[in-house]
Amino acid sequence: DGGITQSPKYLFRKEGQNVTLSCEQNLNHDAMYWYRQDPGQGLRLIYYSQIVNDFQKGDIAEGYSVSREKKESFPLTVTSAQKNPTAFYLCASSPGTSGGVGYFGPGTRLTVL
Amino acid sequence: RKEVEQDPGPFNVPEGATVAFNCTYSNSASQSFFWYRQDCRKEPKLLMSVYSSGNEDGRFTAQLNRASQYISLLIRDSKLSDSATYLCVVRGGMGFNTGNQFYFGTGTSLTVIP
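So the sequence lines, in the order shown, correspond to chains A and B.
Using the numbering used here, you'd call the opening residue of the first sequence number 0 and step up by one each time.
Using the numbering used here, you'd call the opening residue of the second sequence number 110 and step up by one each time.
Structure, rendered in structure tokens:
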């Protein structure tokens, strides 16, 4: 089955630790995205990548880093510099054309203890 | 100004009712338009794309007015299972960096009451 997978589903982190969230897709999509969603709020773009080895900052990139070494994979690292990392993190992918639909993974809930 | 604006609701309607959601977008160069549904603590899922001529999928009808930069979603004969948050999403615009981005409204909450 084609789709997007994210792992882990739930993640607990101590303050001061870096953590990496996984996102993999087998849809052969060029573009991948990371969003953050806080309770009762909309999605905010963290980073996006339109092609392998290239990515751009979104609206709230501070305290986060990404890599895009393979088309299928777009991991997100939440660093200790992120002041309030507890949130629901969603990865998405889409065809590279502007008309393509976006498909989301099931998300990772990160809680900082 | 936000790229996409929606009335957050909540909308509480009885089963069988018709309910309409509206959305406006700010970038006239936007090229693609969608409605997504998000259930509590789940990821957003595509409900339907929105085409210039308007389109229907069962009980759901979407309309696009490019001149007014306005998108709507109409749900007829509401079911309990329609209870969710509905996200208005716009894609595309001028420039390489913005052309492939998705812009999300904050969502409109719908609860269908027995």
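Ideal Cβ placement from N, Cα and C applies to all residues, glycine included.
Worksheet item: Does the beta carbon of Y47 of chain A sit closer than 8 Å to a beta carbon anywhere in chain B?
Response: Closer than 8 Å to some Cβ of chain B, the Cβ of Y47 of chain A qualifies, so yes.
Worksheet item: Assuming L112 of chain A and R12 of chain A make a contact with CB atoms under 8 Å, what is their CB distance in whole Å?
Response: Confirmed, about 7 Å.
Worksheet item: Measuring CB to CB, does P123 of chain B end up less than 8 Å from S218 of chain B?
Response: Result no, Cβ atoms of P123 of chain B and S218 of chain B do not sit closer than 8 Å.
Discussion item. Whether or not the segment 166-176 of chain B and the segment 51-61 of chain A are in contact is what I'm after, with contact meaning three or more pairs of Cβ atoms, one per stretch, closer than 8 Å; do they touch?
Written reply: Because the criterion of three Cβ pairs below 8 Å is not met, the segment 51-61 of chain A and the segment 166-176 of chain B do not touch.
Worksheet entry | Contact list for the segment 73-104 of chain A against chain B, Cβ threshold 7 Å | Residues of the segment 73-104 of chain A whose Cβ lies closer than 7 Å to any Cβ of chain B, in chain order: L89, G95, S97, G98, V100, G101, F103 and G104.
Discussion item. Just to confirm my understanding: we take S64 of chain A, look at its own chain, exclude 5 residues before and 5 after, and list those with CB closer than 6 Å. What are they?
Written reply: Same-chain partners within the cutoff: T76.
Fill in: Which residues DSSP lists as bridging N174 of chain B, in chain order
Under DSSP, the beta-bridge partners assigned to N174 of chain B are B:Y179.
Practice prompt. At 3 residues or longer, and completely inside the segment 36-67 of chain A: list those beta strand (DSSP E) runs for me, N to C.
Written response: Qualifying beta strand (DSSP E) stretches, in chain order: 42-50, 53-56 and 63-65.
Practice prompt. Give the C-beta separation of G101 of chain A and A91 of chain A to the nearest angstrom, bearing in mind that I take them to be a contact with Cβ-Cβ under 8 Å.
Written response: Rounded, the Cβ-Cβ distance is 5 Å, consistent with contact.
Worksheet item: Taking Cβ to Cβ, would you say Q147 of chain B is nearer than 8 Å to L196 of chain B?
Response: Against a cut-off of 8 Å, the Cβ pair of L196 of chain B and Q147 of chain B comes out as a contact.
Worksheet item: How would you label L189 of chain B, buried or exposed, when you count the other beta carbons within 10 angstroms and need 16 or more for buried?
Response: By the 10 Å Cβ count, L189 of chain B comes out exposed.
Worksheet entry | Distance between Y160 of chain B and P38 of chain A (C-alpha atoms, nearest Å) | The alpha-carbon atoms of P38 of chain A and Y160 of chain B are separated by roughly 31 Å.
Item to complete: To the nearest angstrom, report how far apart I50 of chain A and K70 of chain A are at their CA atoms.
Response: Between I50 of chain A and K70 of chain A, the alpha-carbon positions lie close to 7 Å from each other.
Practice prompt. Mind reading off the beta-carbon distance from Q36 of chain A to P105 of chain A? Whole number of angstroms is fine, and I expect it under 8 Å.
Written response: At roughly 13 Å, the Cβ-Cβ gap does not stay under 8 Å, so Q36 of chain A and P105 of chain A are not in contact.
Practice prompt. Report the residue from B:N121, B:Y145, B:A126 and B:V221 whose alpha carbon sits nearest the alpha carbon of I180 of chain B.
Written response: Measuring from the Cα of I180 of chain B, the nearest candidate turns out to be B:Y145.
Fill in: Min CB distance A30 of chain A to chain B below 8 Å
Flagged as an interface residue toward chain B: A30 of chain A, by a C-beta distance shorter than 8 Å.
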